[in-house]
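Asks:
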Amino acid sequence: MVSIGSRRITVGVVLVVLIVLAGCTGTDPIGPSGNQDVYADAEADFDGENLQVDSGGVGSYYDGDGDRVVVRTAEMAVRVEEFEPAFQELRTIADDHGGYLGDRSQSSEGEWDRGTITVRVPAAEFSAARDAITDLGRVESEQVDAKDFSAEYDRRADRIERLREDEQRFEALLANASNASEATRLRSELREIRDELDRVTADQAQLERREAFSTITVTMTEPTDRKPPATYTSEWGFSDAFFAALFVGTLAIKAVIVFFGVIIPVGIAAIMLGVFGILCWRLWRVVSSGLRGLLGEGRDDSDDSRESAVADADG
């Protein structure tokens, strides 16, 4: 016979085993229990709006600033197949996201092109625009800077509010000024308050504009295997020879223009001086001839007078 104590031990062991099995079954994430709904909700979070992973990688990570004042800038280096089509696509991306293209610089070496373009888009479109830019080619490097100006913005907003209160208070005091000296003092202080208010308001407006539009600087480069060597001239040399000849011809034309531009005025001046010299010489000849004639007639008259005097003396 089995004793009552042995039965109690057996029943206890069975109960412990059943409890352990029940606990393991209840914690199985794929088992037929109520916990399946919890995991289904978690998967829904990954497929829904709680976490979005776009093809660009990190773009959507920067969404949702709430009430913070955040200014974002990004620098991206993208390897593209063709620069000009990629540039046109970048312009389309900016237009589609309510932005525009800013500064642009481009350099070329043979058939190889490289350029840097500044894209300005609304802050709400920063992530979407950034993700669209990644589709232009292979992103080789990227840096995103997000600076939080919330504290500065709030301090400046409080300062603006206090300045406006001071402005209203001094306007009321000025309206009730009892004498001219007090009115002059109040006007001076009111002018200082308004000047500071204008300055602080302008700074706040500038920060708001920086927050409203984010800046993405995109450097697009074609594959390096298209870049010519450092000693590159051209494949056949014809184009280089043509452009060299065109350049030399342009220099020659420029030299001719400069030459005649100098020679013509100098020649005209020389001709005018020559004509003036000839006229002076001819005038001098005329004058000198006249003087010689006058001097000759005077000498003849004196000789005649002398001869008449001698004849009278002889007679």
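Numbering (full-length UniProt numbering), first residue to last: 1 to 315.
Positions of the beta carbon are idealized from the N, C-alpha and C atoms, including for glycine.
Alpha carbon to alpha carbon, how far is residue 106 from residue 78? Give it in angstroms, no decimals.
Replies: 14 Å
Asks: Enumerated in chain order, which unbroken segments of the beta strand (DSSP E) with a length of 3 residues or greater are wholly contained in the region 129-167?
Replies: 138-148
Asks: Could you tell me which uninterrupted beta strand (DSSP E) segments, each at least 3 residues in length, are contained entirely in the region 64-88, listed from first to last along the chain?
Replies: 70-79
Asks: Hey, how far is the Cα of residue 256 from the Cα of residue 271?
Replies: 21 Å
Asks: Quick one: what's got a C-beta closer than 6 Å to residue 94's C-beta in the same chain, skipping five residues either side?
Replies: 100, 101 and 119
Asks: So, residue 252 versus residue 123, is the Cβ gap smaller than 7 Å?
Replies: no
Asks: DSSP has residue 246 in a bridge; who is on the other side?
Replies: Bridge partners of residue 246: none, in fact.
Asks: Which stretch, first to last residue, makes up the beta strand (DSSP E) that contains residue 109?
Replies: 100-109
Asks: In chain order, what residues of the same chain lie with their CB nearer than 6 Å to the CB of residue 204, ignoring the 5 residues before and after it?
Replies: For residue 204, where only same-chain residues beyond five positions count, the Cβ hits under 6 Å are 156.
Asks: Would you mind giving the Cβ-Cβ distance between residue 216 and residue 130, rounded to the nearest angstrom? I have them listed as a contact below 8 Å.
Replies: 6 Å
Asks: Would you mind giving the Cβ-Cβ distance between residue 90 and residue 117, rounded to the nearest angstrom? I have them listed as a contact below 8 Å.
Replies: Taking 8 Å as the upper bound for CB-CB distance, residue 90 and residue 117 are in contact here, some 6 Å apart.
Asks: Mark residue 275 as exposed unless 16 or more other C-beta atoms lie within 10 angstroms of its C-beta, in which case mark it buried.
Replies: Counting other Cβ atoms within 10 Å of its Cβ, residue 275 stays below 16 and is therefore classed as exposed.
Asks: Is there a Cβ from chain B that is less than 7 Å from the Cβ of residue 265?
Replies: Note that chain B does not occur in the displayed structure, where there is just one protein chain.
Asks: Do you know how far the Cα of residue 200 is from the Cα of residue 160?
Replies: Roughly 7 Å separates the two Cα atoms.
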